[in-house]
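So the mapping is simple: the numbering used here equals the position in the sequence shown, first residue as 1, plus 65.
Where a beta carbon is used, it is the ideal one built from N, C-alpha and C, also for glycine.
Nothing here was measured: the structure is a model prediction, and the numbers come from that model.
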Amino acid sequence: MIFMITMTHDYSTCQTHDPERGPLWKNTLRSLPDHGLKIHANYVNRLEHKGYMVVEADSFEQIDAAFDPVLEMGHFEVTPVMQR
66 MIFMITMTHD YSTCQTHDPE RGPLWKNTLR SLPDHGLKIH ANYVNRLEHK
116 GYMVVEADSF EQIDAAFDPV LEMGHFEVTP VMQR
């Protein structure tokens, strides 16, 4: 299945320049394949504090497990999508 993940946060939870959150976020993204996720696209709008990711996974549970370490960093919307 293909999923569109939209992640939003505000300046108080932004990981970009945070010495603890920044590495945790990067490590989480690097570990996505370990959870069975294939990243098709990853885009960000830093000024709006928004990220967009298209991933392939067998189940929503894989996505939930993969992003568990960073759930407190913002709001995640996970939407199943298809290519037409």
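Taking DSSP's pairing of strands, which residues face residue i in a bridge?
i     : result
Pro98 : Answer is none; Pro98 lacks a bridge partner.
Do residue i and residue j have their CB atoms nearer than 8 Å?
i      : j      : result
His114 : Thr73  : yes
Glu121 : Leu102 : yes
Gly139 : Thr78  : yes
If you draw a straight line from the C-alpha of residue i to the C-alpha of residue j, how long is it?
i      : j      : result
Ile128 : His100 : 8 Å
Thr144 : Phe68  : 5 Å
Phe141 : Arg149 : 24 Å
Asn110 : Gly116 : 6 Å
Lys91  : Leu97  : 10 Å
Taking buried to mean at least 16 other C-beta atoms within 10 Å of its own C-beta, is residue i buried or exposed?
i      : result
Gln80  : buried
Ala106 : exposed
Met118 : buried
Val135 : buried
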